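Report on the following structure.
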């Protein structure tokens, strides 16, 4: 088969040229049309159910909303975890499924279950919203607009009326959310004394307003030959119309609303402030469509903003405070540059070994052709051009050239021995074709288990595995078809005579290099002869080195994924619970000033107070969040060093607690801290007590920072307990009383007023809204069923206390979580120390502790990758057994793997890298790469033995002949990965450990292949001959 492929390419040159041209054209077109993104498209197995129940506290939300939803959702199949967060006014239930679950079917099941649960939810709770968690729900770009000439209200009007509609119409944009600014409302401030005198409650007044403000269709009527629609237009045309609403008093008389209330058009109470570099701003958060191109969407948004800014006449300042496309472009450019550098270095090695430009061109053509063919497959597979697919190509670029090196080197050897170019191309390809096919199939087999790995590891690295498999598959076809074709045409007699690079490089350099290589071959033959005569020493030396290496493994440490320098830092400021917005804002202003003093800081985007839906960073009324964008990576220190400088500068900010963390990026395994300790039990006070104990232990562990607890100090609250019997006597229900209190304190939106195309809330509240003390609340007038007014204290008691800010549950049990980030220590070491300290705590009955965060993800990923590694080794052996129809030869080839351990351990120790999922992928990849050289060695050895050569002579001759291709392929792969291992560009940190593991392992494996494999082969051959002699002796003559 292999001979026929080579023969076809040699005999049909025009066909091969046309195929190469077509492949190149389609390949270039595929690259141009491929969508770009940071990561591959991921179908995460998570769903979320969000429910709003205004006016309810965390405990009410938990009992009346979260629990009923949990109960019905728990019956859906394939659920892995079920979590809920109950906070004031809202419930969030997160359903995690097993990876591989059909999410479309699961979402349909959830919606069916939720529809059943709605009858158990409070009647005034909003309808639950069900959605699938998708990375696309996060904003891809955030724009802040400010002005020295316009007010915040005017900025918000521009954002909502002009900018948001135009950005929403951009192709690839799904939605735009406006945050910050001032929102108008029509405020109806009712005098409680006057309302009481007329026997009117706040809720009754709200009902009157809602009934008066509407437009309704009243059917149609015929006049002559035409029909007319009849519409009743009752909506308020101006604010004065609101005050003219007629109210019916308790005695049946009519009064106008303005007689008992002050009606004004005003701005709503500010709950959130946003700033950019200390200047007030309104923000727009843009989400891209699911099938949209992040880079294109962000580019179009920025272009549209430039147009808008120009049209407005420069009255607004536009600042891009977050732009995913910027990091994506930098990461892709960096990875592309790494790929190109690796290809150049790989070709350079070929040039130095072959000492001939034609030879280099024949071999080097494998890289561009393989890349273009790979892009075609990826494009028609629907893959995106992202850091992992490009990283896969950067990792595989050295391997793309290996097959061509082996084939061409053998063709060149036969041509040098006197065969014609055509004969050498055919014979040389046929001789090593089997070895090349076997080495390629083993590498493909290695990546199959990665594609089958479970969890987030399989989701993330499946595209990388697919990319490498396609690339090396394409490189195999190039080596078997294109290389023989080009060799048969370009290895002319003149080309074989001419060595060196002509005028470009001094010929003496290549003469000395060629002589050095020839001497190296002879010296290696001597060294190998010694090794074959001292087999026990060789094996013992390797065993000792492996043992020493394994003994150093604990010094390496482990982590889930390497930290990526995205140039972003997140700072959170938390004041005392219940702190007023203006007080938190003063503290936030001090933090902003400190941040902007750091020369590495470019933009500080500040959010003070409550965050709106889809905000980039969550916040509460006592919190402020700062998104810190740094200057380019080449102009500053590493992000961790800058973060440490910021921590030190914020130490003198008193009155609030600040935490500084490096943005975890899009490869983060979990939300919250890197390490998470989860405590489960029923009683919140007990959970809070245990949380404090564990937090104290975690703070003492070296390498931890930003220790936080989800069960910190509660919110200060006035707990009102209704006397149900007294309320019943007055004809009042708990819902009526609670609603009246909410309207008096917070106000209630009862209708909307249209003004100049905008819809403005009409809010009913009390003139005594600002309750300065408990007495004001106690004497809040409540209207009874009989029309009389009573103070609230008649039907309720009051107590100052604290309540939970949020109640978390996992698998239908309450949970508290202690989280922390890491500082200068690896994840596994810190987790072990924490587990040791926590194990000393005696837990009450019914309470349990487990560990989540990245440690949980790391443990799960390592477990699946260990299985993948074992499967990879097994598949490599199976492929070789099928290829060689032998159990012994593949077993010998596998002896190239143990030596790779030495190089892996030393490489990680020298570079200071921890063992991560990325490094583990490199280890699995190494299995396929390391055996390739051993396959080439054993394959040629078998040919020599089959020709009748004596074993020792065959081992030595194989070493001499195969030394150059083995060194060429190994060095080409190593140098091709070197730029990736150095990892200087944006986003390069993810793939750097992978490349380091392959480089270190391949160096050691190459050395082992050259000495240990021949030694093991000779030992097993001796055993085989002894068994054969024994069997022969037992057979009677």
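In my numbering, the protein residues as written are 479 to 1515.
Where a beta carbon is used, it is the ideal one built from N, C-alpha and C, also for glycine.
Just so we're clear, the structure is a prediction, and the values are computed from it rather than from any experiment.
Rounded straight-line distance, which links the Cα of residue j to that of residue i
i: residue 808; j: residue 914; result: 36 Å
i: residue 1130; j: residue 1069; result: 10 Å
i: residue 1060; j: residue 660; result: 15 Å
i: residue 1466; j: residue 812; result: 7 Å
i: residue 1359; j: residue 1492; result: 19 Å
i: residue 1310; j: residue 1455; result: 33 Å
i: residue 1449; j: residue 956; result: 20 Å
i: residue 1458; j: residue 1002; result: 31 Å
i: residue 757; j: residue 670; result: 40 Å
i: residue 722; j: residue 737; result: 9 Å
i: residue 1257; j: residue 1268; result: 8 Å
i: residue 494; j: residue 935; result: 40 Å
i: residue 1097; j: residue 1134; result: The predicted position of residue 1097 is uncertain, since its pLDDT is 45 and thus under 50; a value taken from the coordinates is nonetheless stated next. Approximately 14 Å between the Cα atoms of the pair.
i: residue 1189; j: residue 1172; result: 12 Å
i: residue 720; j: residue 1262; result: 26 Å
i: residue 532; j: residue 1165; result: 27 Å
i: residue 484; j: residue 898; result: 15 Å
i: residue 538; j: residue 598; result: 14 Å
i: residue 1238; j: residue 739; result: 19 Å
i: residue 1127; j: residue 927; result: 48 Å
i: residue 1158; j: residue 561; result: 12 Å
Those residues which DSSP pairs with residue i across a bridge
i: residue 1257; result: In the DSSP output, where bridge partners are listed per residue, residue 1257 has none listed.
i: residue 1302; result: DSSP output for residue 1302 lists no bridge partner at all.
i: residue 866; result: DSSP, once it has assigned bridges, lists no residue as partnering residue 866.
i: residue 763; result: 620, 655
i: residue 840; result: Residue 840 pairs with nothing; no bridge assigned.
i: residue 1296; result: 1155, 1187
i: residue 1137; result: 1050
i: residue 707; result: 698
i: residue 1104; result: 1049, 1084
i: residue 861; result: Its beta-bridge partners do not exist; DSSP assigns none.
Limits of the beta strand (DSSP E) - the one that residue i falls within
i: residue 697; result: 693-701
i: residue 568; result: 568-575
i: residue 1327; result: 1326-1330
i: residue 479; result: Per DSSP, residue 479 belongs to no beta strand (DSSP E) and is neither H nor E.
Close beta carbons around residue i, own chain, < 8 Å, minus the five adjacent residues each side
i: residue 650; result: 766, 767, 770, 771, 774, 775, 778
i: residue 981; result: Low local confidence applies: a pLDDT of 47 at residue 981 is under 50, so the model's placement there is unreliable, and no value is given.
N-terminal and C-terminal residue of the alpha helix (DSSP H) that residue i is part of
i: residue 561; result: Counting along the chain, residue 561 falls outside any alpha helix (DSSP H), though it belongs to the beta strand (DSSP E) covering 557-565.
i: residue 549; result: 545-551
i: residue 858; result: 844-858
i: residue 1272; result: That residue, residue 1272, is in no alpha helix (DSSP H); it is neither H nor E in DSSP.
i: residue 901; result: 899-930
i: residue 1125; result: 1117-1127
i: residue 1221; result: 1212-1223
Contact set for residue i: own chain, Cβ-Cβ below 6 Å, skip 5 residues either direction
i: residue 605; result: none
i: residue 568; result: 530
i: residue 1486; result: 1374, 1377
i: residue 619; result: 764, 776, 779, 801
Close beta carbons around residue i, own chain, < 7 Å, minus the five adjacent residues each side
i: residue 1380; result: 1023, 1024, 1027, 1482
i: residue 857; result: 508, 511, 512
i: residue 1066; result: 1051, 1084, 1086, 1102
i: residue 787; result: 794, 796
i: residue 589; result: 608
i: residue 1177; result: 1185
i: residue 690; result: 712, 723
i: residue 1146; result: Because the pLDDT of residue 1146 is 49, which lies under 50, any placement of that residue in the model is unreliable, and the number read from its coordinates should be weighed accordingly. If we look at residue 1146 and ignore the five residues flanking it on each side, it has no Cβ neighbours.
i: residue 1209; result: 1262, 1263, 1264
> Are the stretch 781-791 and the stretch 1428-1448 touching by the rule of at least three beta carbon pairs closer than 8 Å?
Replying inline: no
> Does the stretch 1320-1329 come close enough to the stretch 1192-1199 to have 3 or more Cβ pairs within less than 8 Å?
Replying inline: no
> Between the stretch 1062-1081 and the stretch 1108-1122, do three or more beta carbon pairs fall short of 8 Å?
Replying inline: yes
> Can you find at least 3 beta carbon pairs, one from the stretch 883-897 and one from the stretch 848-856, that sit closer than 8 Å?
Replying inline: no
> For the 8 Å Cβ check, are there 3 or more pairs between the stretch 1280-1300 and the stretch 1179-1189?
Replying inline: yes
> Should the stretch 958-972 be regarded as contacting the stretch 936-949, the criterion being three or more beta carbon pairs within less than 8 Å?
Replying inline: no
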